[in-house]
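Everything on this sheet refers to the single structure shown next.
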Amino acid sequence: MILVTGGAGYIGSHVVLRLLEESDKDLVVFDNLETGHMSTIETLRSVRNFDFVRGNLKNPSDLEKLFKGFDVDSVIHFAAYIRVEESVKNPRKYYSNNLVGTINLLNKMVDHDVKRIVFSSTAAVYGEPKYVPIDESHPRQPINPYGKTKLMVEEILDDYDRAYDLKSIRLRYFNVAGADSENRIGESHIPETHLIPNILASAKDPNKVFNLFGDDYDTKDGTCVRDYVNIEDLASAHILALKYLEKTNQSDCFNIGTKNGSTVKEVFDACKKVTNEKINLKINPRRDGDPQSLVADNEKAKSILNWQPENTLLDSIKTAYAWLKK
Ligand code: UFG
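Under the working numbering, the first residue of the sequence shown is numbered 4, with each subsequent residue one higher.
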């Protein structure tokens, strides 16, 4: 049985959907529903039924019940806070949940002899890029508590591999975008801070203004460059990572991105094209902590996991807009 933590959230739910459709294994989803949604769990259950446990990683007793109650052999761990800016203002929240919560999870895995985990890591472990595209051996010097918690977990995973034979795949996501192409689930963060949903919200509502943060970067049009990877392609990467782990029993890390960078202005123009709407734009000063350019070198995931991004930025914007309108 596969345990998915954070399966009611944006990325977790899309991976659960793929597992329900493609795997014959049983699933148990563990989520505290603080940022995830029960309605997402209900939609997913209409695809194929699975167990859902509401609980908190910070309570070892919730985890003990979970591991006692279900015969888990692999874990995919999404449950985490994800807002960089918030992590700078309130690091305690990030260290307590993303770090201590994950240690609680890993310790229960060790106690219950569960030996495989796919871990949601991030491009934020690299910090300010020294070169792009960024490969997996790029120095890891995170510049905010969010990235630090993810790096610390990666390092703990190395120690747990050596000491307890716990094997892990760390997927370092770049910027994730889009929604289920059948429009059953999508991205619903409250508050929303991500670029594409914010532009699309302004496309849908003429009274809203899209706030662009910084047009004085040293890039082709002055705005930040990011690598937008489609959520369904990201879900495929998790399925492949789990298969790889089952087959090879080897720990490893992989960047999950497209190797294509888009500027904020390019994403804005692409959103205008998809929605065919006029979108109010306001240029603001830079947002704190935004690196200028983040683009993945994805050759390792392609060659070792046999992963291939299949959707374009326009595909992601189309599915994200369909979801927003629904
Ligand atoms: N941006 C705007 N206006 C907005 C939102 C974003 O101009 O309303 C700009 C940002 O300044 C940045 C770019 O769009 O230049 C992308 O911003 P996002 O917030 O969408 O994404 P980030 O690159 O900041 O963050 C991504 C993930 C986070 C993760 C982080 C780790 O979305 O969840 O990478 O580096 F934590």
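Just so it is clear, CB atoms sit at the ideal spot from N, CA and C, and this is done for glycine as well.
Gln311 is the residue among Glu195, His40, Gln311 whose C-alpha sits nearest the C-alpha of Ile259.
Pairing Ser191 with His17 gives a Cβ-Cβ distance that is not under 8 Å. Gly189 counts as buried, since no fewer than 16 other beta carbons sit within 10 angstroms of its beta carbon.
With at least 16 other beta carbons inside 10 angstroms of its own, Glu139 counts as buried. At a cut-off of 7 Å, the beta-carbon of Ala83 does not count as near ligand 1: no heavy atom of the ligand is closer than that. Distance between Phe177 and Ser64, taken at the CA atoms: about 33 Å.
Here Gly12 is buried. Its C-beta has 16 or more other C-beta atoms within 10 Å. Relative to the non-hydrogen atoms of ligand 1, the Cβ of Thr222 never comes closer than 7 Å to any of them.
In the DSSP assignment, His241 falls outside any beta strand (DSSP E) and lies within the alpha helix (DSSP H) extending over 234-251. DSSP lists Asn233 as the bridge partner or partners of Ala180. Excluding sequence positions up to five before and after Asp29, its CB lies within less than 6 Å of the CB of Met4, all in the same chain and listed in chain order. Among the bridge pairs identified by DSSP, Leu284 is matched with Phe213. Counting C-beta atoms within 10 angstroms of its own C-beta, Ile202 has 16 or more neighbours from the protein chains shown and is therefore classed as buried. Separation of the CB atoms of Ile106 and Ile159 is rounded to 7 Å, and the pair is thereby assigned contact status at 8 Å. If the five residues before and after Tyr324 are omitted, its C-beta is found closer than 7 Å to the C-beta atoms of Leu203, Val277, Thr278, all from its own chain and listed in chain order. DSSP places Cys256 inside the beta strand (DSSP E), whose first and last residues are 255-259. Taking 7 Å as the cut-off, the C-beta of Arg290 counts as close to a heavy atom of ligand 1. Membership of Leu203 in the alpha helix (DSSP H) is indicated by the continuous run 198-207.
In this chain, His115 is not harboured by any beta strand (DSSP E), its DSSP state being neither H nor E. Secondary structure note for Leu154: its alpha helix (DSSP H) is the uninterrupted segment 148-167.
For the pair of segments examined, the region 242-257 was found not to touch the region 208-223: the number of CB pairs separated by less than 8 Å stays below three. When distances are taken from the beta-carbon of His17 to the heavy atoms of ligand 1, even the shortest one reaches 7 Å or more. Across the structure, Glu235 and Arg21 are spaced so that their CA atoms are roughly 8 Å apart.
For Asn214, the Cβ falls inside the 7 Å cut-off from some heavy atom of ligand 1.
Segment contact: the region 143-156 against the region 225-244, fewer than three CB-CB distances shorter than 8 Å; contact not assigned. For Phe73, there is no enclosing alpha helix (DSSP H), as DSSP gives it neither H nor E.
Our two residues, Lys246 and Arg119, have alpha carbons roughly 11 Å apart in a direct line. Around Thr46, the same chain offers Arg187, Ile188 as residues with beta carbons nearer than 7 Å, after the five sequence neighbours per side are excluded. Relative to ligand 1, even the nearest heavy atom lies 7 Å or more away from the CB of Arg119. In terms of Cβ geometry, Phe257 and Ile172 form a close pair [threshold 8 Å]. Per DSSP, reduced to three states, the secondary structure at Lys96 is helical.
If you draw a 10 Å sphere on the C-beta of Ser90, you find 16 or more other C-beta atoms in it, and that means buried.
With three or more CB-CB distances shorter than 8 Å, the region 54-63 counts as touching the region 92-109. Taking the Cβ atoms as the reference, Thr322 lies roughly 5 Å from Ser184, within the contact range of under 8 Å.
Val117 is positioned such that its CB atom lies closer than 8 Å to that of Val78.
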